[in-house]
Structures are given as C-alpha cells and as structure tokens.
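Using the working numbering, the first residue of the sequence shown is number 14, and each one after it goes up by one.
Down below is the structure, laid out as structure tokens.
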Amino acid sequence: MLLGLYSYCIFGKIRESEELLLGEGIDPAFPVEVIGYKNIGAAVSKVPLSEFGEDALHYNISNNLKWVEDKARRHVLILEQISEQYSVAPLKFCTIFNKRERILKLLAQKYDELSHILERVQGKYEWTVKVFCNEETFIKHVENEKRQILESALEGKPPGITYLLKKKINENVKEASEKELTKRANNIYESLRTYSTDTALEGCLTKGMTGRSERMILNCSLLIPRENVEDFLIKINEANSLENPEGLFVEISGPWPPYSFTLFNLEDDHD
C-alpha cells in the first residue's frame with residue numbers, strides 16, 4: 014500500500030526528547046507523529062494514497078460530503094489538541110506530502126519564518142466576530158433620532174420651513190441609515206480590536222449565504238491573547254445587552270487555532 018503523510022500543522026516550543034501522545038490520525042489505522050527540526054515540528058500521520066492521493070482527493074471532495082465532514086472534523090480536533098499546549102501554524106485541510114524528507118526540508122528552509130510566526134501567535138487564539146443588523150429596527154432607530162433632532166431644530170420656525178425640513182429628512186433616512194450602519198460597524202470593530210494583537214477583515218456574507226433574515230455588517234477575525242479573553246467576552250455581552258434599540262447583534266465563535274494569522278507559502282516545498 015502506497016502511503017503519504019497527512020500534515021496538520023507546524024508547531025513550536027517542542028523539546029528534542031519530547032514525545033506527544035495525540036492518538037489516532039485522520040486515518041484511524043495510523044497515529045499522529047511529529048517530524049521535528051530544532052525546536053519546531055510538523056504534526057503528521059500516514060494515509061493511504063488510494064484515498065488521499067491527488068485523484069482520489071479530488072473525487073472525495075467533489076462527490077462524498079460525508080467523507081469531507083468526517084475528515085474535516087478529525088482534522089480540526091487534532092489541531093485543537095495541539096493548540097492547547099503549543100503555538101501552531103495550521104496547514105490547509107488535506108495537505109499531503111509524499112516523503113518525510115520533504116517536510117524536513119520545508120522546516121529547515123523556512124525555519125526563521127516559521128519561528129517568527131509561531132512566536133507571534135504564542136499564547137493567542139483566533140476569535141471570529143460577525144455583526145448582524147435587523148434593518149427595519151435600525152431604520153426606525155435612525156428615524157427616531159432624526160425626529161428628536163428635528164423637533165429641537167424646528168422650535169419657533171414658520172410652518173413652511175417646518176414642512177420642507179421634515180420632507181428633506183424623511184427622504185434621506187435610507188441614506189442616513191447606511192452611513193450610521195457603517196459608523197456602528199466601525200465603532201464595534203475599533204472597540205473589539207483593542208483586545209487583540211492582530212485582526213483580519215473579511216467580506217460580509219449575504220443573507221442567502223448566512224441563512225439569516227438579518228444583514229451582516231461586519232465580519233472579522235481577532236488574534237486575542239489568553240489573558241484578554243475574559244474582558245473581550247464581557248464586552249461582547251455588553252454589546253448584546255437586552256436594551257438594544259438599534260437592532261444590532263454581535264455573534265462570536267472561538268477560541269480557534271490562529272488560521273488567519275499564520276499563513277505561509279508551501280508551494281515551492283510541497284511535493
């Protein structure tokens with residue numbers, strides 16, 4: 014049987030004599046093992062190329078959803094086990110090497126880059142933040158704000174001027190709501206990024222993609238040190254307080270291995 018090496022991540026701060034007991038790999042017939050170089054290592058396990066070779070992978074990913082779900086779940090579980098103890102640079106799902114020597118070459122060639130990445134994310138986790146808005150509620154909130162401003166501004170004004178100003182404000186509610194939404198999203202982003210050492214902004218997903226009736230107005234990832242997590246979660250709870258007339262809701266997930274903050278190029282070294 015031809016075997017390849019399924020590679021989960023590069024991780025740091027290992028000692029030369031250290032042994033990791035990570036259990037079964039993505040194929041339960043083979044355990045997870047470490048290929049080490051100096052104080053960094055690659056977590057790998059053997060896999061049959063009849064299932065994980067290029068053609069077989071293409072078929073399974075395109076035609077076998079259960080296979081993808083099962084393997085992705087195991088991939089994430091192994092990553093999470095390692096990230097509980099070590100700083101990690103996750104590799105993409107189904108990164109396969111044909112030879113152990115190629116992985117050692119990668120670790121040697123990119124040692125400085127990988128060491129820097131691993132040091133930068135040590136003791137930190139990725140949290141994703143998505144902000145949703147009930148547009149109807151938000152527009153009503155903007156209308157109420159404008160009405161209060163208008164009532165104050167129109168005190169003592171002639172009826173003709175009052176009518177024209179009311180008409181102008183009503184016509185601009187939609188435009189004003191869009192500007193306010195952008196402002197609110199930026200304010201939330203700026204307030205949350207203070208808990209992080211790095212951020213990654215993503216494009217907002219459509220309602221069709223999220224399956225929600227609310228509109229997404231912010232989608233980002235934050236790299237948060239372990240010691241800041243409690244305050245970060247308190248801030249999220251405050252943002253989602255029940256007394257929220259604006260119709261905004263912050264949704265988070267994490268902690269995750271730092272997927273968005275450990276990208277490096279495997280192309281030249283990947284067999």
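Built from N, CA and C at the ideal position, the CB exists for glycine as well.
Since the structure is predicted, the reported quantities are computational estimates derived from the model, not experimental observations.
Open item on the list: Taking the beta strand (DSSP E) that N232 belongs to, which residues open and close that run?
Closed with: 228 to 238
Task: Own chain partners of C233 with C-beta closer than 7 Å, once the 5 adjacent residues on each side are dropped - done: V142, Y202, T212, A213, L214, E215
- [ ] Tell whether a beta-carbon distance below 8 Å holds between L235 and S204.
- [x] No. Outside cutoff.
TODO: State the DSSP-derived secondary structure class of V45, mapped to helix, strand or coil.
DONE: In the displayed model, V45 falls within coil according to three-state DSSP, outside both helix and strand.
Open item on the list: So for D211, helix, strand or coil by DSSP?
Closed with: strand
- [ ] Quick one: grab the DSSP three-state call for K137.
- [x] strand
Task: Neighbourhood of T223 by C-beta, 7 Å cutoff - its chain only, sequence neighbours within 5 removed - done: M229
Open item on the list: What would DSSP say about T108, mapped onto helix, strand or coil?
Closed with: strand
- [ ] List the DSSP bridge partners of Y19.
- [x] S58, I109
TODO: Might you give, ordered along the chain, the residues of its own chain that have their beta carbon closer than 7 Å to the beta carbon of G267, omitting 5 neighbours on each side?
DONE: Y138, E139, W140, T141
- [ ] Assign F24 to one of three DSSP states: helix, strand, or coil.
- [x] Looking at F24 - three-state DSSP - the assignment turns out to be strand.
Task: For E264, three-class secondary structure by DSSP - done: Reduced to three states, the DSSP call for E264 is strand.
Open item on the list: With a threshold of 8 Å on Cβ separation, who are the neighbours of F106 within its own chain once the five nearest residues in sequence on each side are excluded?
Closed with: K84, A85, H88
TODO: Give the straight-line distance between the Cα atoms of E29 and N52, rounded to the nearest whole angstrom.
DONE: Annotation note: pLDDT 48 at E29 (below 50); position unreliable, no value reported.
TODO: For Y50, name the three-state secondary structure that DSSP assigns.
DONE: Here Y50 sits in strand by DSSP.
Open item on the list: What does the alpha-carbon distance come out to for the pair S96 and H129?
Closed with: 17 Å
- [ ] Identify which residue in S100, E193, P44 has its Cα closest to the Cα of F274.
- [x] For F274, the closest alpha carbon among the candidates S100, E193, P44 is that of S100.
Open item on the list: I'd like the list of long-range same chain contacts for G93, defined as Cβ closer than 7 Å, with 5 residues on each side in sequence excluded.
Closed with: One detail in the question is off: residue 93 reads as Glu in this sequence, not Gly. The answer, listed in chain order, is P270.
Open item on the list: For A42, count the other beta carbons within 10 Å of its own beta carbon; 16 or more makes it buried, fewer makes it exposed. Which is it?
Closed with: exposed
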